[in-house]
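Asker:
Chains as they are written, first to last, in full-length UniProt numbering: chain V, 1 to 353; chain G, 1 to 353.
1. Report the CB separation of residue 270 of chain G from residue 247 of chain G in whole angstroms; it is logged as a contact under 8 Å.
2. Answer with buried or exposed for residue 345 of chain G, where buried requires no fewer than 16 other C-beta atoms within 10 angstroms of its C-beta.
3. Answer yes or no: does any C-beta atom of chain V fall closer than 8 Å to that of residue 13 of chain G?
4. What's the call for residue 289 of chain G, buried or exposed, on a 16-neighbour Cβ count within 10 Å?
5. What residues in its chain sit with their C-beta under 8 Å from that of residue 316 of chain V, if we drop five residues either side in the sequence?
6. Pairs of beta-carbons, one from the region 130 to 149 of chain G and one from the region 89 to 102 of chain G, closer than 8 Å: are there three or more?
7. Tell me whether residue 91 of chain G sits in a helix, a strand or coil according to DSSP, three-state version.
8. If you draw a straight line from the C-alpha of residue 172 of chain V to the C-alpha of residue 90 of chain G, how long is it?
9. Measuring CA to CA, which of V:238, V:293 and V:40 is closest to residue 92 of chain V?
10. Closest to residue 38 of chain V by C-alpha separation, out of V:219, V:349, V:335 and V:151, would be which residue?
11. Excluding five sequence neighbours on each side, which residues of the same chain lie with their C-beta closer than 8 Å to the C-beta of residue 340 of chain G?
12. Against residue 85 of chain V, what residues of chain G qualify as contacts under a CB-to-CB distance less than 7 Å, listed in chain order?
13. Verify the CB distance criterion: does residue 282 of chain G have a CB-CB separation below 8 Å to chain V?
14. Per DSSP, what kind of secondary structure is residue 16 of chain G in: helix, strand or coil?
15. For the alpha helix (DSSP H) holding residue 320 of chain G, just list the boundary residues, first then last.
16. Tell me which residues share the same chain as residue 177 of chain G and place their Cβ nearer than 8 Å to its Cβ, disregarding the 5 neighbours each side in the sequence.
17. Would you tell me roughly how many angstroms separate the C-alpha atoms of residue 318 of chain G and residue 324 of chain G, rounded to the nearest one?
18. Can you grab the Cα-Cα spacing for the pair residue 202 of chain G / residue 135 of chain V, in whole Å?
19. Curious, which full-length alpha helix (DSSP H) runs of at least 4 residues does the region 147 to 215 of chain V contain?
20. Whole angstroms are fine: how far does the CA of residue 338 of chain V sit from the CA of residue 333 of chain G?
21. Taking residue 40 of chain V as the reference, which of V:229, V:291 and V:275 has the closest Cα?
22. May I have the straight-line CA-CA distance separating residue 12 of chain V from residue 225 of chain V, to the nearest angstrom?
23. If we cut at 8 Å on Cβ distances, does residue 366 of chain G have a partner in chain V?
24. Quick check: the region 107 to 119 of chain G against the region 278 to 286 of chain G, are at least 3 beta-carbon pairs closer than 8 Å?
25. Over what stretch of residues does the beta strand (DSSP E) that includes residue 45 of chain G continue unbroken?
26. Is DSSP giving residue 284 of chain G helix, strand or coil here?
27. Do residue 66 of chain V and residue 87 of chain G have their C-beta atoms closer together than 8 Å?
28. Hey, how far is the Cα of residue 44 of chain V from the Cα of residue 78 of chain G?
29. Is residue 50 of chain V buried or exposed, if buried means 16 or more other CB atoms sit within 10 Å of its CB?
30. Below 8 Å CB to CB, which residues in the same chain sit around residue 342 of chain V once its five sequence neighbours on both sides are set aside?
31. How many angstroms separate the CA atom of residue 14 of chain G from the CA atom of residue 274 of chain G?
32. Please state whether DSSP places residue 241 of chain V in a helix, a strand or coil.
33. Nearest by alpha-carbon distance to residue 132 of chain G: which of G:181, G:149 and G:27 is it?
34. Going straight from the alpha carbon of residue 25 of chain G to that of residue 160 of chain V, what length do you get?
35. With DSSP as the reference, label residue 299 of chain V as helix, strand or coil.
36. Could you please give the first and the last residue of the uninterrupted beta strand (DSSP E) stretch that includes residue 271 of chain G?
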């Protein structure tokens with residue numbers, strides 16, 4: 001089915017004028033083709049490996065996720081850069097961190113991040129728990145140490161009780177590993193089912209407009225699916241940015257060599273994890289550089305740099321319309337009430353050395 | 001009743017050793033005395049003057065309150081410094097703002113702020129709507145302009161629709177005034193009823209422990225109620241910091257002359273609005289300077305500087321215990337899903353000149 005749709009489109013492209021629409025297959029055929037590449041977001045959260053989604057653990061994770069006291073300055077929480085109200089991002093080119101430093105890469109969404117093959121743009125964290133240990137320690141982000149963080153948590157009876165309830169059979173419930181596992185448990189609940197695309201995949205022909213369906217067909221036909229597939233429409237593997245032609249330095253800064261830094265392998269130069277495209281209409285600016293604010297422009301850059309194709313205007317519009325159908329039901333999170341500090345809690349240290 | 005309790009305590013003090021407990025009157029007498037000074041937080045929010053609490057307006061206010069795009073950099077929202085999960089404060093000595101500047105005064109809580117006589121430590125804003133216009137424009141805080149803010153709001157269809165629904169009969173729903181009124185409406189819902197103290201006031205003898213009741217008696221007897229009374233146990237009027245003796249410069253920095261800056265009246269030198277003490281156990285650090293982290297120490301400083309009294313250790317403990325009964329039911333706020341930006345939305349400007 002993949003081949004046949006692609007072949008049809010390729011043949012069609014030869015005869016079509018530049019502004020032509022993508023051919024629209026019957027819904028049954030389009031859905032069958034799509035189901036070879038994609039699957040819907042599950043309706044309910046699933047526990048990550050080596051973790052459980054007990055209410056106690058998820059609630060603790062929410063507290064930690066929203067608590068700015070996890071940063072050395074007392075200003076930044078996970079929520080600062082992964083805002084549950086903004087599609088899971090901060091809407092900045094790159095995030096502002098400790099001392100007003102700006103980070104090297106655009107903050108990726110944690111919504112549906114549980115479905116990615118690995119975390120960070122270069123996949124250096126195998127799971128969300130390992131990911132959660134990064135930003136709290138990064139000097140340009142939260143700038144904390146595990147020791148100071150654990151000291152902070154242990155100083156507050158409210159946290160100690162919450163850790164005991166979340167990790168009931170452990171000798172040392174308050175630990176850096178369990179801090180990370182609780183955040184992973186909370187983040188595993190941050191999924192966005194019921195997008196128009198998922199409703200279409202499940203059989204609702206009316207869930208997508210004709211233009212959106214043409215966009216879905218174009219997305220598959222032009223080869224976007226080579227990198228952006230699976231439940232997250234991306235996030236499943238690593239690819240060079242610039243398979244065909246590298247974009248300019250404003251989009252792909254020379255200094256950031258991507259996965260090469262992790263693997264030290266020449267073939268990983270300027271290689272990044274394909275961006276998961278769920279809720280992509282909410283998560284501007286785009287790319288690891290955060291250099292592109294317009295989704296239409298991002299689609300055009302991807303098309304030329306990754307596929308070597310100049311998309312027709314109409315096709316670009318169709319694909320952008322299709323990407324809009326990937327916006328799912330956003331999570332309703334009650335802002336947690338955080339434990340009160342104790343007289344011996346470490347003080348925030350906003351001063352920059 | 002006020003006089004008699006005070007007189008009893010004064011007579012008692014002459015005979016009592018330094019560590020003596022405060023005499024504990026019968027509940028009926030203690031409650032009657034307390035009801036002359038205090039009243040409970042209402043169970044349900046009430047609309048401020050010139051405002052209404054329609055769901056549309058409150059929901060819009062929540063969106064604006066939580067939206068970091070209201071700041072020039074895209075980093076700060078109202079929630080940053082008035083955290084609904086932290087008793088309505090940020091837990092910093094003074095807040096971190098644009099470009100990592102630190103503000104001049106400690107961030108006061110917005111919980112129950114609707115019950116204060118005026119807003120800010122110097123009362124320079126008569127109501128919460130006027131208050132909301134301050135930090136978005138302050139160079140050391142959100143550093144935005146009304147023009148850029150309104151441009152941002154008008155660029156997003158989701159905000160334009162929300163303003164139209166919140167201000168249905170107005171020709172220009174999206175305005176800086178309405179921005180402020182919507183935030184005021186949301187903040188008017190952020191009240192904390194059902195504290196142990198309020199349940200006691202309403203007749204539940206068992207709502208407070210014996211030590212807490214002694215603390216309530218001591219709070220009235222020693223004269224704390226001269227400044228801290230009313231529904232908010234403070235926030236009702238202005239007083240010099242150092243009625244009897246000015247504390248040292250670390251607690252009362254010389255450069256901040258308080259309400260004098262607002263009124264240019266000599267008698268307002270180092271005058272501040274008496275801090276509202278609702279939820280005070282959650283809102284460290286204390287005073288406009290944010291210089292004191294320990295509530296016990298804050299009570300001692302108030303006692304010596306405002307009353308000229310050296311409290312007995314036991315009385316200090318009692319008053320601190322009483323202050324703990326002012327912690328009410330914290331608001332359960334669902335984090336709003338914020339409108340998506342448009343291609344012509346103003347970009348965040350994190351760069352510092």
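Even for Gly, the Cβ is constructed at its ideal location relative to N, Cα and C.
Answerer: Quick look at the numbers:
1. Taking the first residue of the second chain as 1, we reach residue 270 of chain G at position 270. Taking the first residue of the second chain as 1, we reach residue 247 of chain G at position 247. In this structure residue 270 of chain G does not touch residue 247 of chain G by the C-beta definition: roughly 10 Å separates them, more than the 8 Å allowed.
2. Here residue 345 of chain G is taken as the residue at index 345 of the second chain, counted from 1. It is buried - the Cβ of residue 345 of chain G has at least 16 other Cβ atoms within 10 Å.
3. Translated into the one-based positions of the second chain, residue 13 of chain G becomes position 13. Only weak support exists for where residue 13 of chain G lies, its pLDDT of 45 falling under 50; the coordinates are left without a value.
4. In the second chain, residue 289 of chain G corresponds to position 289, counting from 1. With 16 or more Cβ atoms within 10 Å of its Cβ, residue 289 of chain G is classed as buried.
5. In the first chain, residue 316 of chain V corresponds to position 316, counting from 1. The beta carbon of residue 316 of chain V sits closer than 8 Å to the beta carbons of 296, 299, 300 and 303 from its chain, once the five residues preceding and following it are set aside; these are given in chain order.
6. Counting C-beta pairs with one atom in each stretch, the region 130 to 149 of chain G and the region 89 to 102 of chain G have three or more that are closer than 8 Å, which means they touch.
7. Sequence index remark: in the second chain, residue 91 of chain G carries index 91 (1-based). Three-state result, residue 91 of chain G: coil.
8. Reading the first chain from its first residue, position 172 is the one you call residue 172 of chain V. Reading the second chain from its first residue, position 90 is the one you call residue 90 of chain G. One C-alpha to the other measures close to 29 Å.
9. To locate residue 92 of chain V, count along the first chain from 1; it is residue 92. Measuring from the Cα of residue 92 of chain V, the nearest candidate turns out to be V:293.
10. Residue numbering aside, residue 38 of chain V sits at position 38 when the first chain is read from its first letter. Taking only the C-alpha atoms, the option nearest residue 38 of chain V is V:219.
11. Within the second chain, numbered from 1, the residue matching residue 340 of chain G stands at position 340. Scanning its chain for C-beta atoms nearer than 8 Å, with the 5 sequence neighbours on each side dropped, one finds around residue 340 of chain G the residues 156 and 158, in chain order.
12. Taking the first residue of the first chain as position 1, residue 85 of chain V is located at position 85. Residues of chain G whose Cβ lies closer than 7 Å to the Cβ of residue 85 of chain V are, in chain order, 66, 335, 336, 337 and 338.
13. By one-based count along the second chain, residue 282 of chain G stands at place 282. Yes, residue 282 of chain G lies at the interface with chain V (some Cβ there is under 8 Å from its Cβ).
14. On the second chain, residue 16 of chain G is found 16 positions in, with the first residue counted as 1. Only weak support is given to the placement of residue 16 of chain G: the predicted model assigns it a pLDDT of 45, under 50, and the value that follows is read from those uncertain coordinates. The DSSP-derived three-state label of residue 16 of chain G is coil.
15. As a first step, residue 320 of chain G must be located in the second chain, where it is residue number 320. If you look at residue 320 of chain G, you'll find it in the alpha helix (DSSP H) that goes 313 to 324.
16. Counting from one through the second chain, the residue named residue 177 of chain G turns up at place 177. Within the same chain, residue 177 of chain G has close Cβ partners 129.
17. Residue mapping note: residue 318 of chain G aligns to position 318 of the second chain, counting from 1. Residue mapping note: residue 324 of chain G aligns to position 324 of the second chain, counting from 1. Rounded to the nearest angstrom, the two C-alpha atoms are 10 Å apart.
18. The residue labelled residue 202 of chain G in the question sits at position 202 within the second chain. The residue labelled residue 135 of chain V in the question sits at position 135 within the first chain. C-alpha separation (whole angstroms): 48 Å.
19. DSSP runs (the alpha helix (DSSP H)) wholly in the region 147 to 215 of chain V: 157 to 166, 176 to 188 and 196 to 201.
20. For the purposes of this step, residue 333 of chain G is taken as the residue at position 333 of the second chain. For the purposes of this step, residue 338 of chain V is taken as the residue at position 338 of the first chain. Between residue 333 of chain G and residue 338 of chain V, the C-alpha separation is close to 13 Å.
21. Indexing the first chain from 1 puts residue 40 of chain V at position 40. If we check each option's Cα against that of residue 40 of chain V, V:229 comes out closest.
22. Taking the first residue of the first chain as position 1, residue 12 of chain V is located at position 12. Taking the first residue of the first chain as position 1, residue 225 of chain V is located at position 225. Low per-residue confidence applies at residue 12 of chain V: pLDDT is 42, beneath 50, and the placement is therefore not dependable enough to give any value.
23. Residue 366 of chain G lies beyond the range of chain G shown here (1 to 353); nothing can be said about it.
24. Taking one beta carbon from each stretch, the region 278 to 286 of chain G and the region 107 to 119 of chain G have 3 or more pairs nearer than 8 Å; the two touch.
25. Locating residue 45 of chain G in the second chain gives position 45, counting from the first residue. That residue, residue 45 of chain G, is in no beta strand (DSSP E); it is neither H nor E in DSSP.
26. Translated into the one-based positions of the second chain, residue 284 of chain G becomes position 284. Shown here, residue 284 of chain G sits in coil according to DSSP, grouped into three states, outside any helix or strand.
27. Counting from one through the first chain, the residue named residue 66 of chain V turns up at place 66. Counting from one through the second chain, the residue named residue 87 of chain G turns up at place 87. With contacts defined as CB atoms closer than 8 Å, residue 66 of chain V and residue 87 of chain G fail to qualify as a contacting pair.
28. As a position in the first chain, residue 44 of chain V is number 44, starting the count at 1. As a position in the second chain, residue 78 of chain G is number 78, starting the count at 1. Going from the Cα of residue 44 of chain V to the Cα of residue 78 of chain G covers about 32 Å.
29. Taking the first chain and counting its residues from 1, one reaches residue 50 of chain V at position 50. Its Cβ having fewer than 16 others within 10 Å, residue 50 of chain V is exposed.
30. Here residue 342 of chain V refers to the residue found at position 342 of the first chain. Result list for residue 342 of chain V: 155, 156 and 157, in chain order.
31. In the second chain, counting from the first residue as 1, residue 14 of chain G sits at position 14. In the second chain, counting from the first residue as 1, residue 274 of chain G sits at position 274. In this prediction, residue 14 of chain G scores a pLDDT of 45, lower than 50, which makes its location untrustworthy; no coordinate-derived value is stated.
32. Residue numbering aside, residue 241 of chain V sits at position 241 when the first chain is read from its first letter. Three-state result, residue 241 of chain V: coil.
33. The residue given as residue 132 of chain G occupies position 132 in the second chain. Nearest option by C-alpha distance: G:181.
34. Along the second chain, one-based indexing puts residue 25 of chain G at 25. Along the first chain, one-based indexing puts residue 160 of chain V at 160. C-alpha separation (whole angstroms): 37 Å.
35. Translated into positions along the first chain, residue 299 of chain V becomes position 299. Three-state DSSP puts residue 299 of chain V in a helix.
36. Indexing the second chain from 1 puts residue 271 of chain G at position 271. Residue 271 of chain G -> beta strand (DSSP E) spans 271 to 273.
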